[in-house]
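Protein chains in written order, with the numbering used here: chain A, -16 to 369; chain B, -15 to 142; chain C, 3 to 349; chain D, 954 to 1168.
This is the structure we're talking about:
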């Protein structure tokens, strides 16, 4: 039971003071809903009494489209558009599922390049997450510092596959291009530059006292609730669950590298609050940089197109492949029948699942905290609505 | 725990509810459950000390042309094993007990399956359309779905 | 010629002329500040901001104003029309009338009344009425939120800022802004932040309290003009745009102008209270009525720039934390300082 | 007591973090800018960049593989099989053209720049260029017509096909008559295949149940 000002007024005066709660529509057009999310917020003054999320404004029939493709390969451009800020990991999840379905083994170099790309993409996605979270908190400047560095990642991607945002780079069984000649050098340079920016933004935003006051102890998601809601990614780890698919359900060669799973420790607040979610992202970027540096140093030679099948026609059956995306567990459930067209593809979007917990953690918070909570969940509406 | 052991435990508890099992040769081993029993089985596998399937990865509706199915991908954060449960219901009476009270993450997944497949989850607290508008007719991911010509009086391929 | 002089000596005409004079300052000042703010923000963020209109985009503020003038002036159907139209002017009037007591130089002050700084506190509160009016009249829940927040905020921060002013008044012994400036005449060492022209032991013991009072006034003045980190009434990530969500065109421009005018106003008050007003930092060197105006505006602009710098550095506070800062931090500290200053001055 | 200490340490940490933040921003203020003045300065495009789709019509053999590969159906092709006697020339890769391509439209407004159409093209006539500024005021201008065949040429081609079909039919009939005359008891041969069919070359492993690696 949340104690609202109404309750306080009742208990303190003993009289029934009639006040009305205000229902506010936050979204679909609102600066801090990160897209076209609509929240029906019941407010008692500044205090949130209830939140009813309404999604589906960006529903682009991804799953229906997939059933009308003429090949499994054609799904990849659509997968890119699901989570448009982390298209590489989407592709990775899809190709992992499809390779599981087709029982394809890919060469080692492909694994390495995929890991480099996925980790770069994780950094790029976390940069947006932290940057926009800063905007939600009123700090505009860190956002642009992070975008500056994200551009460098996008340049690397553009150099590799020709596109900046929607790559169509990872193919079932391989990659569309091998790495360009200067890639390794430039990626190493990026890693060096990026560490400096991360330190600066830590000073400017993450350890800023106002920021800590705004985010610590806000929107606390307890451990058991996080698991019951099947939250994943930074959201789950910030609640103190030491679980990362890259380590615990390895889908590619992640166990070859040395890195740590970042778990929320409650440095300034309690475990599972908004600050921890943000900080898990921030620290994950350090780990991603470590993985990238190791992978770049030990990149094996090989042909990246060797295992690409000419024609994809899986035997009937189904497969569920999942990867650790920037937002959490991104899974694709593919049902195949004897055809070149996928029979059914279900995308288990992490943001979709993570968002469903919002009602639970934002009751009793203030309106400004609600903004912080939405920002900390790091939703991408393209993925929520598919 | 292997899928075979998980199956054996479930089979021992619910001998009549296990309809089919595929472990060898399947990409993801699955157990097909009688639809009416799915909630009991779900409760059982979540609370059983050896299984502890506390994490519902994914819940998908599938239209098997004439039959509707629901697929539950379960994972145990404690033990690190997984299993797939499947149920199949007829298209005419697509009633499946809701597992929302067991895994809260099923809430939105079930709403989505209801929205796109018309599978009715009995006991769901808030079974509304989630992705499509509230006034949408039909369930688009069914294989026999025909794209309507008009939506609210507007011609659809404009 | 004689007619003109006669006309000018007419008290009504001269009053009108004196009243219009600050406007001649505010309009170019606002344009310059818009430019400075954009450029500072851009360079802080490794950008360039506008570069195409004129040399380094210097004409862009004019283009912005022209754009705003041409925009359709929308009044929402459900708005309370009269109040909706009145609100921006009221906000501007509240700010503008405070300019009457700003001593731009030893030769120019709109109205050299004895209660100058008191008048300023009283009149600048008029802004709250305008903001509330705009929020309520817009018939928009976000606007109402913004208006109520800003009312709560400005009213709360009046107290620490008034206490800070009180401390200065106790030191200088006058409420007239012009007198207060004269009190600090004679170089940087005579400024009130360094104890004014009191005996040395008093000066030295006043300095720490003065610095605290200065910080208190700076913080509360930022809150009064709704700038980050206290911009919760128009927090765009929470309240869309706060009280001025529904405004467009010229009315929005007036809100904008009022905001910038207010920014200069509070910076000017900081200068008058702590940094010697129009006096030259070098004593008699570079002093005089014209230099006075130069020093006044320069010092004011420095504080405007400080505000801008802070705005692009800090995140925003939450509404309850805002109240915490006002009531639990600034007010007690201000009271303590006033007490201490009183003791020092009396002794 | 702890509360008092917290109170003062809060104030101290707030002031400290404000000063640190201001230090970071003032330092960045004197760093070089990273933006470009876009229409004046432009970024060099990397070699593999995928922007506007370009098609070299002279090399097109009308196989329609690109249209099949397109996930958004933005390529619209209409083809007619040319008579065997007609010489349409060869592509730059040396392949003989056998099909009239009467229509080859790319609706670039629909294009999703995935590049999937580029790979299957046997003559490498499709490619993604580095042109990215091609906005139009009219949406229809974004439908690019690559076919160089004029309506009159199409008519001529149709006529030729008709003549050829008639010749073929006549030949068949003559042959049939001959055959019938030669072997009156022999069965009639099956009729000629439909000349308008234009199926693409059959896939490599039509009856394979599973994916086949390239090598």
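Just so it is clear, CB atoms sit at the ideal spot from N, CA and C, and this is done for glycine as well. Given the structure is predicted, the values throughout are model-derived calculations rather than measurements.
(request) Quick one: which unbroken alpha helix (DSSP H) runs of 4-plus residues sit fully inside the stretch 249 to 322 of chain A? Chain order, please. (result) Counting whole runs of 4 or more residues, the stretch 249 to 322 of chain A contains the alpha helix (DSSP H) stretches 257 to 280.
(request) Look up residue 107 of chain C in the DSSP assignment and give the residues it is bridged to. (result) For this step, residue 107 of chain C is matched to residue 105 along the third chain. As computed with DSSP, residue 107 of chain C is found in a beta bridge with C:110.
(message) So, with DSSP's three-state summary, where would you put residue 1171 of chain D?
(response) Limits of chain D in this structure are 954 at one end and 1168 at the other, which puts residue 1171 of chain D out of reach.
(message) Check this for me: beta carbons of residue 1013 of chain D and residue 1073 of chain D, under 8 Å apart or not?
(response) On the fourth chain, position 60 is the one that residue 1013 of chain D refers to. On the fourth chain, position 120 is the one that residue 1073 of chain D refers to. No, the pair does not count as a contact, with Cβ atoms beyond the cut-off.
(request) Could I get the ranges of all uninterrupted alpha helix (DSSP H) runs contained in the stretch 91 to 147 of chain A, with 4 residues as the minimum, in chain order? (result) When DSSP assignments are scanned along the stretch 91 to 147 of chain A, the uninterrupted stretches of alpha helix (DSSP H) that are 4 or more residues long and fall wholly within it turn out to be 91 to 119, 124 to 144.
(message) Is there a Cβ of chain D sitting closer than 8 Å to that of residue 190 of chain A, yes or no?
(response) Position 207 of the first chain holds residue 190 of chain A. Output row for residue 190 of chain A: interface = yes.
(request) Quickly, what does DSSP pair residue 26 of chain A with across the bridge? List them, please. (result) For the purposes of this step, residue 26 of chain A is taken as residue 43 along the first chain, with counting starting at 1. DSSP, once it has assigned bridges, lists A:5, A:31 as partnering residue 26 of chain A.
(message) Can you give me the C-alpha to C-alpha distance between residue 1154 of chain D and residue 1075 of chain D, rounded to a whole angstrom?
(response) Numbered from 1 along the fourth chain, position 201 holds the residue referred to as residue 1154 of chain D. Numbered from 1 along the fourth chain, position 122 holds the residue referred to as residue 1075 of chain D. Any reading at residue 1154 of chain D needs caution, since the residue's pLDDT is 44, under 50, leaving its predicted position unreliable; the model's value is listed next. Cα to Cα, the separation comes out at about 11 Å.
(message) So, at 6 Å on beta carbons, what are the nonlocal neighbours of residue 39 of chain A in its own chain, with the 5 sequence-adjacent residues on each side left out?
(response) Here residue 39 of chain A corresponds to residue number 56 of the first chain, with the count starting at 1. Excluding residues within five positions, the ones whose Cβ falls inside 6 Å are 368.
(message) What does the alpha-carbon distance come out to for the pair residue 229 of chain A and residue 954 of chain D?
(response) On the first chain, residue 229 of chain A is found 246 positions in, with the first residue counted as 1. On the fourth chain, residue 954 of chain D is found 1 positions in, with the first residue counted as 1. Between the alpha carbons of residue 229 of chain A and residue 954 of chain D lies a gap of roughly 47 Å.
(request) Per DSSP, which residues does residue 44 of chain B bridge with? Please list them. (result) As a first step, residue 44 of chain B is located in the second chain; it is residue number 60 there, counting from the start. Paired residues: B:55.
(message) Short of 7 Å in beta carbon distance, which residues of its chain neighbour residue 1135 of chain D, apart from the five on each side in sequence? Order them along the chain.
(response) For this step, residue 1135 of chain D is matched to residue 182 along the fourth chain. If the five residues before and after residue 1135 of chain D are omitted, its C-beta is found closer than 7 Å to no C-beta atom of its own chain.
(request) Assign residue 164 of chain A to one of three DSSP states: helix, strand, or coil. (result) Translated into positions along the first chain, residue 164 of chain A becomes position 181. In the three-state reduction of the DSSP assignment, residue 164 of chain A falls in the coil class.
(message) Can you tell me whether residue 91 of chain B is helix, strand or coil according to DSSP?
(response) Stepping through the second chain from its first residue, residue 91 of chain B is reached at position 107. Helix, per DSSP.
(message) Just to confirm my understanding: we take residue 71 of chain C, look at its own chain, exclude 5 residues before and 5 after, and list those with CB closer than 8 Å. What are they?
(response) Your numbering for residue 71 of chain C matches position 69 in the third chain. Residues 251, 252, 255 of the same chain have their beta carbon placed closer than 8 Å to that of residue 71 of chain C, with the five preceding and five following residues left out of the count.
(request) Determine the DSSP secondary structure at residue 193 of chain C, reduced to helix, strand or coil. (result) Working through the third chain from its first residue, we reach residue 193 of chain C at position 191. Residue 193 of chain C: coil per DSSP, three-state reduction.
(request) Taking residue 987 of chain D as the query, report the chain C residues whose CB atoms sit under 8 Å from its CB, ordered along the chain. (result) The sequence position of residue 987 of chain D within the fourth chain is 34, counting from 1. Those are 48, 49, listed as they occur along chain C.
(message) For a test of the three-state rule: what should DSSP assign to residue 1160 of chain D, helix, strand or coil?
(response) Looking up residue 1160 of chain D in the fourth chain gives position 207. With a pLDDT of 40 at residue 1160 of chain D, under the threshold of 50, the modelled position of this residue cannot be trusted, and the question is left open.
(request) Kindly list, in the order they appear in chain G, the residues whose Cβ is closer than 7 Å to that of residue 53 of chain A. (result) Among the chains of the structure shown, chain G does not appear; the protein chains present are A, B, C and D.
(request) Output the distance between the C-alpha atoms of residue 1064 of chain D and residue 136 of chain B, rounded to the nearest integer angstrom. (result) Here residue 1064 of chain D corresponds to residue number 111 of the fourth chain, with the count starting at 1. Here residue 136 of chain B corresponds to residue number 152 of the second chain, with the count starting at 1. Cα atoms of residue 1064 of chain D and residue 136 of chain B: separation of roughly 29 Å, rounded to the nearest angstrom.
(request) Taking only beta-carbon positions, decide if residue 131 of chain A is within less than 8 Å of chain D. (result) Mapped onto the first chain, residue 131 of chain A falls at position 148. It does: the Cβ of residue 131 of chain A has a partner Cβ on chain D nearer than 8 Å.
(request) Please work out which residues of its chain come closer than 6 Å, Cβ to Cβ, to residue 267 of chain A, disregarding the five sequence neighbours upstream and downstream, and give them in chain order. (result) Counting from one through the first chain, the residue named residue 267 of chain A turns up at place 284. Within the same chain, and ignoring the five residues on either side of residue 267 of chain A in sequence, the residues whose Cβ sits closer than 6 Å to its Cβ are 245.
(message) If I measure Cβ to Cβ from residue 307 of chain C and keep anything under 8 Å in the same chain, skipping five residues before and after, which residues do I get?
(response) The sequence position of residue 307 of chain C within the third chain is 305, counting from 1. The answer, listed in chain order, is 38, 42.
(message) Closer than 8 Å between beta carbons: that is the criterion. Which residues of the stretch 213 to 240 of chain C meet it against chain A?
(response) Residues are counted here when their Cβ sits less than 8 Å from a Cβ of chain A; for the stretch 213 to 240 of chain C these are 230, 231, 233, 234, 237, 238, 239, 240, given in chain order.
(request) Just the chain A side, please: which residues come within less than 7 Å of residue 1024 of chain D by C-beta, in chain order? (result) On the fourth chain, position 71 is the one that residue 1024 of chain D refers to. Within 7 Å Cβ-Cβ: 52, 57, 60, 61.
(message) Tell me the rounded alpha-carbon separation between residue 1146 of chain D and residue 1123 of chain D.
(response) Counting from one through the fourth chain, the residue named residue 1146 of chain D turns up at place 193. Counting from one through the fourth chain, the residue named residue 1123 of chain D turns up at place 170. Bear in mind that the predicted position of residue 1146 of chain D carries a pLDDT of just 44, short of 50, making it too unreliable to give a figure here.
(request) Buried or exposed for residue 1144 of chain D, please, with buried defined as at least 16 other CB atoms from any protein chain shown within 10 angstroms of its CB. (result) Residue 1144 of chain D sits at position 191 when you count from the first residue of the fourth chain. Bear in mind that the predicted position of residue 1144 of chain D carries a pLDDT of just 46, short of 50, making it unreliable; the figure below should be weighed with that in mind. By the 16-neighbour rule on beta-carbons within 10 angstroms, residue 1144 of chain D is exposed.
(request) In the DSSP assignment, find the unbroken beta strand (DSSP E) run with residue 14 of chain B in it and report its ends. (result) Translated into positions along the second chain, residue 14 of chain B becomes position 30. Residues 14 to 17.
(request) For residue 158 of chain A, go through chain C and note every residue whose CB falls closer than 9 Å to its CB, in chain order. (result) The count along the first chain starts at 1 and reaches residue 158 of chain A at position 175. Residue 158 of chain A does not reach chain C, its nearest Cβ partner there being about 33 Å away, counting only Cβ pairs nearer than 9 Å.
(request) Measure the Cβ-Cβ separation of residue 145 of chain B and residue 94 of chain B and say whether it is below 8 Å. (result) The requested residue 145 of chain B does not occur in the structure, where chain B is confined to residues -15 to 142.
(request) Return no unless some Cβ of chain A is closer than 8 Å to the Cβ of residue 88 of chain B. (result) Here residue 88 of chain B refers to the residue found at position 104 of the second chain. Closer than 8 Å to some Cβ of chain A, the Cβ of residue 88 of chain B qualifies, so yes.
(request) Below 8 Å on the Cβ atoms is my guess for residue 288 of chain A versus residue 157 of chain A; work out the distance and round it to an integer in Å. (result) Reading the first chain from its first residue, position 305 is the one you call residue 288 of chain A. Reading the first chain from its first residue, position 174 is the one you call residue 157 of chain A. The C-beta separation of residue 288 of chain A from residue 157 of chain A comes to about 5 Å, placing the pair in contact by the 8 Å criterion.
(request) Output yes if chain D places a C-beta closer than 8 Å to the C-beta of residue 314 of chain C; else output no. (result) Position 312 of the third chain, counting from 1, holds the residue named residue 314 of chain C. Judged by the 8 Å Cβ criterion, residue 314 of chain C is in contact with chain D.
(message) With distance defined between alpha-carbon atoms, name the residue in A:5, A:353, A:94, A:331 nearest to residue 239 of chain C.
(response) Mapped onto the third chain, residue 239 of chain C falls at position 237. Answer by Cα proximity: A:353.
(message) Measuring CB atoms only, is the stretch 265 to 281 of chain A touching the stretch 122 to 129 of chain A, in the sense that at least three cross pairs come out at less than 8 Å?
(response) These segments do not touch.
(request) Count the other CB atoms, across all protein chains shown, that sit within 10 Å of the CB of residue 959 of chain D; report buried if there are 16 or more and exposed otherwise. (result) To locate residue 959 of chain D, count along the fourth chain from 1; it is residue 6. Note on residue 959 of chain D: under 16 other CB atoms within 10 angstroms of its CB, so exposed under the neighbour-count rule.
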